[in-house]
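One structure is given below, encoded as structure tokens.
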Amino acid sequence: MQTITVIKGDGIGPSIVEATLRILDKAGCDFHYQYVDAGLAAMQNYGELLPATTLDAIANNKITLKGPLTTPIGDGFTSINVTLRKKFNLYANVRPVKSFTGTKARYDNIDILTIRENTQGMYSGHGQKISADGEIAEATSIISRESSANIVEFAFETARREGRKKVTALHKANILKSTSGLFLKTARAVAEQYPEIEFNEMIIDNACMQLVMNPHQFDVIVTTNLFGDIISDLCAGLVGGLGMAPGANIGHDCAIFEAVHGSAPDIAGKNLANPTSVILAAIQMLRYMEMHVIADRILLALTDAIASGDRKTRDLGGNAGTDQFTQAIIDRL
Ligand code: NAI
Ligand code: MG
């Protein structure tokens, strides 16, 4: 039996992860779950944000389903998510958005897959300094040719596997000549190995405008870490908000599936959170495990529950709580 590491997370995390596990069980998954803590929950129970037992579970079980974690703001706290991604070399962050009937999506028929480089760039954590007088701050962005090639290859391979037609590299090589420049040059070279898939490139600021005005021109997006972080929230906005946006962090032998959003302290504990982000992350997880039949079954129930609309969460335009909406999905399984 497959053991899956489960981190319920902080804020809205436990409610949307538990909702997802109920759905997985009802859909016929026969998983064993190992529950471990990270983030604020771990801080309270173990005095550290990422205890060794958590890291061991992630490494041993290879597959993790994770709720959002609160990173305390302030000195000495590096983001737990950034740490996990670097520690397990989860180099590809796969963030699909699709419009569902019955949401506040701005457009119909959106289907954009953002592939974000997950370990380098402005989030590499290198050279973070503040001068003694507190006047000057600096950080180093690091981009390697190898990591750029890996992420662009990952994007093209995913496009090929999913029958997608186009890969767009987003960059700012006109200004960030060394870092974004190396990424773009590498992307062009990799694209030549995939002549059957259209390749184009776009400067990141224009891409933001294009995504809002004419999103249907995009299919697969591949980009560096910071741009990918921002652009994937923008894409979530196109399909009705962060509650609809899942993400997979994929490495060579380990993967963590999660929502794109954070712990949403403004709505935590109020039974208001939309669990769809984590449910879609679980669907990504099932596909990663080649369990396509169960993945399709859950997607169908979810799609129908949102479309029928009698029990959906507030962000989707309904007035049901997390529990009722989850039950609406379970009733369809
Ligand atoms: P957030 O993503 O938690 O919330 C942004 C807005 O979206 C809020 O208005 C929230 O209510 C709404 N929202 C988010 N998820 C929702 C859902 N499932 N259903 C309905 N509405 C939803 O971003 P924020 O407030 O900037 O960050 C809060 C905390 O989360 C911070 O400590 C941050 O570090 C952490 N964070 C963690 C992430 C992770 O674990 N992967 C990712 C992003 C932030
Ligand atoms: Mg983000």
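For the sequence shown, position 200 (counting from the first letter as 1) is numbered 200 according to full-length UniProt numbering, and the numbering increases by one without interruption. All residues carry an ideal CB built from backbone N, CA and C; glycine is no exception.
(message) Among the candidates Val-94, Tyr-33 and Gln-120, whose CA atom is the shortest distance from the CA of Ala-57?
(response) Here the question's residue 57 lines up with position 57 in the sequence shown. The option with the nearest alpha carbon to Ala-57 is Tyr-33.
(message) Between which two residues does the beta strand (DSSP E) holding Tyr-33 run?
(response) By 1-based counting over the sequence shown, the position of residue 33 is 33. Here the beta strand (DSSP E) through Tyr-33 covers 32-36.
(message) Taking its Cβ as the centre, do 16 or more other Cβ atoms sit within 10 Å of Gln-2, making it buried, or is it exposed?
(response) Walking along the sequence shown from the start, residue 2 turns up at place 2. Its Cβ having fewer than 16 others within 10 Å, Gln-2 is exposed.
(message) If contact is defined by three or more beta carbon pairs under 8 Å, each pair taking one atom from either stretch, is the stretch 136-153 in contact with the stretch 110-120?
(response) Contact holds between the stretch 110-120 and the stretch 136-153, because three or more Cβ pairs, one in each stretch, are under 8 Å apart.
(message) Checking 8 Å against the spacing of the C-beta atoms, do Val-82 and Ala-248 come in under that value?
(response) Within the sequence shown, numbered from 1, the residue matching residue 82 stands at position 82. Within the sequence shown, numbered from 1, the residue matching residue 248 stands at position 248. Not closer than 8 Å, so no.
(request) Let me know if Ala-105 comes out buried or exposed under the rule of 16 or more other beta-carbons within 10 Å of its beta-carbon. (result) Within the sequence shown, numbered from 1, the residue matching residue 105 stands at position 105. It is buried - the Cβ of Ala-105 has at least 16 other Cβ atoms within 10 Å.
(request) Give the straight-line distance between the Cα atoms of Gly-181 and Val-190, rounded to the nearest whole angstrom. (result) Counting from one through the sequence shown, the residue named residue 181 turns up at place 181. Counting from one through the sequence shown, the residue named residue 190 turns up at place 190. Cα-Cα distance, rounded: 14 Å.
(message) Just to confirm my understanding: we take Ala-19, look at its own chain, exclude 5 residues before and 5 after, and list those with CB closer than 7 Å. What are they?
(response) Taking the first residue of the sequence shown as 1, we reach residue 19 at position 19. Cβ neighbours of Ala-19 beyond the five flanking positions: Pro-275, Thr-322 and Thr-326.
(message) Please classify Gly-28 as buried or exposed, where buried requires at least 16 other C-beta atoms within 10 Å of its C-beta.
(response) For the purposes of this step, residue 28 is identified with residue 28 of the sequence shown, where counting begins at 1. Classification for Gly-28: exposed.
(request) Give the DSSP bridge partners of Met-202, in chain order. (result) The residue you call residue 202 lines up with position 202 of the sequence shown. According to DSSP, which records beta bridges pairwise, Met-202 is partnered with Leu-170.
(message) Less than 6 Å between C-beta atoms, sequence neighbours within five positions excluded: which residues of the same chain meet that for Ala-38?
(response) Here residue 38 refers to the residue found at position 38 of the sequence shown. Same-chain partners within the cutoff: Ile-7, Leu-50, Thr-54, Leu-69 and Ile-80.
(message) Taking the straight line between their C-alpha atoms, what separation do you get for Arg-164 and Val-239?
(response) In the sequence shown, the residue the question calls residue 164 occupies position 164. In the sequence shown, the residue the question calls residue 239 occupies position 239. Straight-line Cα distance between these residues: approximately 19 Å.
(request) Please state if the CB of Ile-283 and the CB of Ala-305 are separated by a distance shorter than 8 Å. (result) Counting from 1 along the sequence shown, the entry for residue 305 is found at position 305. Counting from 1 along the sequence shown, the entry for residue 283 is found at position 283. Cβ distance not < 8 Å, so Ala-305 and Ile-283 don't count as in contact.
(request) Using DSSP bridges, identify the partner residues of Ala-137. (result) Residue numbering aside, residue 137 sits at position 137 when the sequence shown is read from its first letter. Answer is Ile-130, bridged to Ala-137.
(message) Distance check for Ser-263 and Ile-203, CA to CA, integer angstroms please.
(response) Indexing the sequence shown from 1 puts residue 203 at position 203. Indexing the sequence shown from 1 puts residue 263 at position 263. Approximately 31 Å between the Cα atoms of the pair.
(message) Considering Cα atoms alone, identify which of Val-212, Asp-205, Glu-146 and Arg-160 is closest to Lys-185.
(response) Taking the first residue of the sequence shown as position 1, residue 185 is located at position 185. Minimum Cα distance to Lys-185 is reached at Glu-146.
(message) So the candidates are Leu-242, Pro-265 and Met-209; which of them puts its Cα closest to the Cα of Val-278?
(response) Translated into the one-based positions of the sequence shown, residue 278 becomes position 278. For the residues Leu-242, Pro-265 and Met-209, the minimum Cα distance to Val-278 belongs to Leu-242.
(message) So for Ser-79, helix, strand or coil by DSSP?
(response) In the sequence shown, counting from the first residue as 1, residue 79 sits at position 79. Correct three-state label for Ser-79: coil.
(request) Report the three-state DSSP secondary structure of Leu-113 (helix, strand or coil). (result) Reading the sequence shown from its first residue, position 113 is the one you call residue 113. Strand at Leu-113.
(request) State buried or exposed for Lys-98, treating a residue as buried only when at least 16 other CB atoms are found within 10 Å of its CB. (result) Mapped onto the sequence shown, residue 98 falls at position 98. It is buried - the Cβ of Lys-98 has at least 16 other Cβ atoms within 10 Å.
(message) Bridge partners for Lys-66 per DSSP, in chain order?
(response) On the sequence shown, residue 66 is found 66 positions in, with the first residue counted as 1. According to the DSSP secondary-structure assignment, Lys-66 is paired through a beta bridge with Ile-7 and Glu-258.
(request) Identify whether Tyr-194 lies in helix, strand or coil by the three-state DSSP scheme. (result) Counting from 1 along the sequence shown, the entry for residue 194 is found at position 194. Here Tyr-194 sits in coil by DSSP.
(request) Out of Val-220, Gly-318 and Ala-295, state which residue places its alpha-carbon closest to the alpha-carbon of Asp-25. (result) The residue given as residue 25 occupies position 25 in the sequence shown. Taking only the C-alpha atoms, the option nearest Asp-25 is Ala-295.
(message) Are there any heavy atoms of the ligand MG lying less than 7 Å away from the beta-carbon of Val-260, as far as the coordinates show?
(response) As a first step, residue 260 must be located in the sequence shown, where it is residue number 260. Checking every heavy atom of the ligand MG against the Cβ of Val-260, one is found closer than 7 Å.
(request) May I have the straight-line CA-CA distance separating Ala-307 from Leu-280, to the nearest angstrom? (result) Numbered from its first residue, the sequence shown carries residue 307 at position 307. Numbered from its first residue, the sequence shown carries residue 280 at position 280. Going from the Cα of Ala-307 to the Cα of Leu-280 covers about 16 Å.
(request) Report the rounded CA-to-CA distance for Pro-246 versus Glu-48, giving the unit in angstroms. (result) Taking the first residue of the sequence shown as 1, we reach residue 246 at position 246. Taking the first residue of the sequence shown as 1, we reach residue 48 at position 48. Answer to the nearest angstrom: the Cα atoms are 27 Å apart.
(message) Per DSSP, what are the beta-bridge partners of Asn-249 in this structure?
(response) Position 249 of the sequence shown holds residue 249. For Asn-249, which the question treats as bridged, DSSP gives the partners Asn-93 and Ile-256.
(message) Suppose you measure from the CA of Met-122 to the CA of Asn-225; what does that come to, to the nearest Å?
(response) Looking up residue 122 in the sequence shown gives position 122. Looking up residue 225 in the sequence shown gives position 225. Cα to Cα, Met-122 sits roughly 7 Å from Asn-225.
(request) Using 10 angstroms around the beta-carbon of Gly-318, count the other beta-carbons present and answer buried if the total reaches 16, otherwise exposed. (result) For the purposes of this step, residue 318 is taken as residue 318 along the sequence shown, with counting starting at 1. Gly-318 is buried by the Cβ-count criterion.
(request) Check each candidate in Cys-235, Gly-269 and Glu-290 and name the one with the smallest Cα separation from Asp-108. (result) The sequence position of residue 108 within the sequence shown is 108, counting from 1. Selected option, being the one with the closest Cα: Cys-235.
(request) Please report how far the alpha carbon of Ile-136 lies from the alpha carbon of Thr-103, in whole angstroms. (result) The residue given as residue 136 occupies position 136 in the sequence shown. The residue given as residue 103 occupies position 103 in the sequence shown. So the alpha carbons of these two residues sit roughly 45 Å apart.
(request) Check Ile-231 in the structure and name its three-state DSSP category. (result) Position 231 of the sequence shown, counted from the first residue, corresponds to residue 231. The three-state secondary structure of Ile-231, taken from DSSP, is helix.
(message) Helix, strand or coil for Met-209? Go by DSSP, reduced to three states.
(response) As a working note, residue 209 is residue 209 in the sequence shown. It is helical.
(request) Quick one: measure Cβ to Cβ for Lys-166 and Val-220, integer angstroms, because I've assumed they're closer than 8 Å. (result) Your numbering for residue 166 matches position 166 in the sequence shown. Your numbering for residue 220 matches position 220 in the sequence shown. Between Val-220 and Lys-166 the Cβ distance is about 7 Å, and since that is below 8 Å, they are a contact.
(request) Quick one: using the 10 Å Cβ neighbour count with 16 as the cut-off for buried, is Lys-66 buried or exposed? (result) If you number the sequence shown from 1, residue 66 lands on position 66. It is buried - the Cβ of Lys-66 has at least 16 other Cβ atoms within 10 Å.
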